[in-house]
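I have placed the structure first, in the form of structure tokens, so that the comments after it can refer back to it.
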Amino acid sequence: MKFFIDTANLDQIREAHDLGILDGVTTNPSLMAKEGISGEDNINRHYLEICRIVDGDVSAEVISTDYEGMIREGEKLAGLHPNIVVKIPMIRDGVKAIRHLNSKGIKTNCTLVFSAGQAILAAKAGATYVSPFIGRLDDVSTDGVELIAQIAEIYSTYNFQTQVLAASIRHTMHIVQCAEVGADVVTCPLEPILGLLKHPLTDIGLARFLADHNKLSDNK
Ligand code: G3P
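Per this note's numbering, the sequence shown runs over residues 21 to 240.
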């Protein structure tokens with residue numbers, strides 16, 4: 021199971037990378053805007069900076085919504101760095117663009133996926149990754165993790181090579197649940213990743229080990 025961080029914040033990317041468990045990064049236009057990054061040149065420079073920190077797939081999203089525009093943007097983004105994965109929305113022209121970019125050997129991440137039907141289309145088009153947004157499904161009283169399980173089962177039945185990238189992860193249990201149902205990748209903010217570290221019994225146990233060790237050392 022791969023761990024990606026879902027942010028354009030360089031400090032957080034460095035912190036997750038320093039932990040030694042980071043396999044890649046996903047971004048989207050909202051995350052770039054949150055960091056105040058705008059303008060094509062600045063955005064491209066920012067992607068390159070991310071690629072310098074992390075040696076793994078880095079998803080960069082197109083802004084166009086028409087086929088020609090997505091192809092043009094996608095080819096440009098892919099040309100920035102070999103680790104760039106072109107993120108394409110799950111719309112009619114997006115499916116066609118994924119097929120085209122795949123035929124050119126360009127990796128793609130099909131985003132804004134909310135149903136198994138959309139995930140089947142993404143796989144048929146040859147997407148490298150499919151990104152179901154589980155938190156946003158939970159927000160509308162629909163089980164996001166259940167969708168991950170459903171897609172993982174369909175892909176396994178038909179041996180689709182598209183990797184299930186669980187996105188819109190909101191908390192640590194989402195990560196564990198996605199692992200249980202067979203997500204290939206989870207992409208999440210830094211906090212849920214750090215949340216995996218926490219257990220009060222670990223802290224209590226460590227404090228006791230150190231206290232016992234120090235008692236003996238004090239007696240010598
Ligand atoms: O990876 C998709 C993610 O950035 C969306 O997350 O929390 O805005 O639903 P959220």
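Backbone N, C-alpha and C define an ideal beta-carbon position, used for all residues, glycine too.
Reduced DSSP secondary structure (H/G/I, E/B, other) of residue i
i      : result
Lys107 : strand
Ser135 : coil
Ile279 : Since the first residue of the chain shown is 21 and the last is 240, residue 279 is not available in this structure.
Gln181 : coil
Lys22  : strand
Pro49  : helix
Ser123 : helix
Ala145 : helix
Gly89  : helix
Pro220 : helix
Asn29  : coil
Ala98  : helix
Gly155 : helix
Val196 : helix
Gly202 : coil
Gly59  : coil
Gly40  : coil
Assumed close pair residue i, residue j - CB separation to whole angstroms, cut-off 8 angstroms
i      : j      : result
Ile126 : Gly94  : 6 angstroms
Asp113 : Tyr87  : 4 angstroms
Arg228 : Ser188 : Contact flag wrong, Cβ pair sits at about 39 angstroms.
Limits of the beta strand (DSSP E) - the one that residue i falls within
i      : result
Glu81  : Asp77 to Glu81
Thr207 : Val205 to Cys208
C-alpha gap between residue i and residue j, whole angstroms
i      : j      : result
Gln138 : Met110 : 7 angstroms
Glu55  : Glu200 : 33 angstroms
His37  : Leu210 : 10 angstroms
Thr46  : Ser135 : 20 angstroms
Leu39  : Asp77  : 17 angstroms
Leu30  : Ala169 : 32 angstroms
Arg65  : Arg119 : 27 angstroms
Ala28  : Thr128 : 18 angstroms
Gly89  : Asn122 : 16 angstroms
Val205 : Ser84  : 26 angstroms
Met52  : Val165 : 26 angstroms
N-terminal and C-terminal residue of the alpha helix (DSSP H) that residue i is part of
i      : result
Thr162 : Where Thr162 is concerned, there is no enclosing alpha helix (DSSP H), given that its DSSP letter is neither H nor E.
Inter-stretch contact (C-beta, 8 angstroms, three-pair minimum) for the stretch 92-107 and the stretch 53-73: With the rule of 3 Cβ pairs closer than 8 angstroms, the stretch 92-107 counts as touching the stretch 53-73.
Contact the stretch 205-220 vs the stretch 185-195: 3+ CB pairs below 8 angstroms: Touching, per the Cβ criterion.
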